[in-house]
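Take a look at the structure below.
In my numbering, the protein residues as written are 697 to 789.
Structure below.
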């Protein structure tokens with residue numbers, strides 16, 4: 697996946713302080729990326745497959761992340777078919 701230009705978002709200082717009270721500053725970029733990707737999945741803007749790729753997570757890791765964040769894990773028909781094809785490659789009949 698190619699890198700994209702950095703995205704800068706201004707947030708109120710009180711929000712920054714609240715986040716940094718719970719997260720180490722080094723964890724914040726990853727937390728923000730996860731939040732954006734999860735919301736994009738929730739809104740149907742990206743597939744779960746693409747989202748897990750963006751976050752460099754495997755299928756089950758991404759499913760667990762969604763569960764931790766209270767997001768239902770729904771797959772499209774295309775994603776189910778792609779998963780089945782991948783399984784057949786791994787475990788031929």
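We put the beta carbon where it would ideally sit given N, CA and C, even for glycine.
Predicted model only: the values in this text are computed from it and were never measured.
### Query
How many Å lie between residue 766 and residue 772 at the Cα?
Going from the Cα of residue 766 to the Cα of residue 772 covers about 19 Å.
#### Entry: Cα-Cα separation between residue 707 and residue 719, rounded to whole angstroms
Each residue's Cα considered, the two are about 16 Å apart.
#### Entry: Proximal residues to residue 760 (C-beta, below 6 Å), its chain only, five neighbours per side dropped
Result list for residue 760: empty, nothing under 6 Å.
### Query
residue 734: buried (16+ other C-beta within 10 angstroms of its C-beta) or exposed?
Residue 734 should be labelled buried.
### Message
Let me check understanding here. Comparing Cα to Cα, which of 702, 754 and 753 lies closest to residue 725?
### Response
Ranked by how close their Cα comes to the Cα of residue 725, the residues 702, 754 and 753 have 702 in first place.
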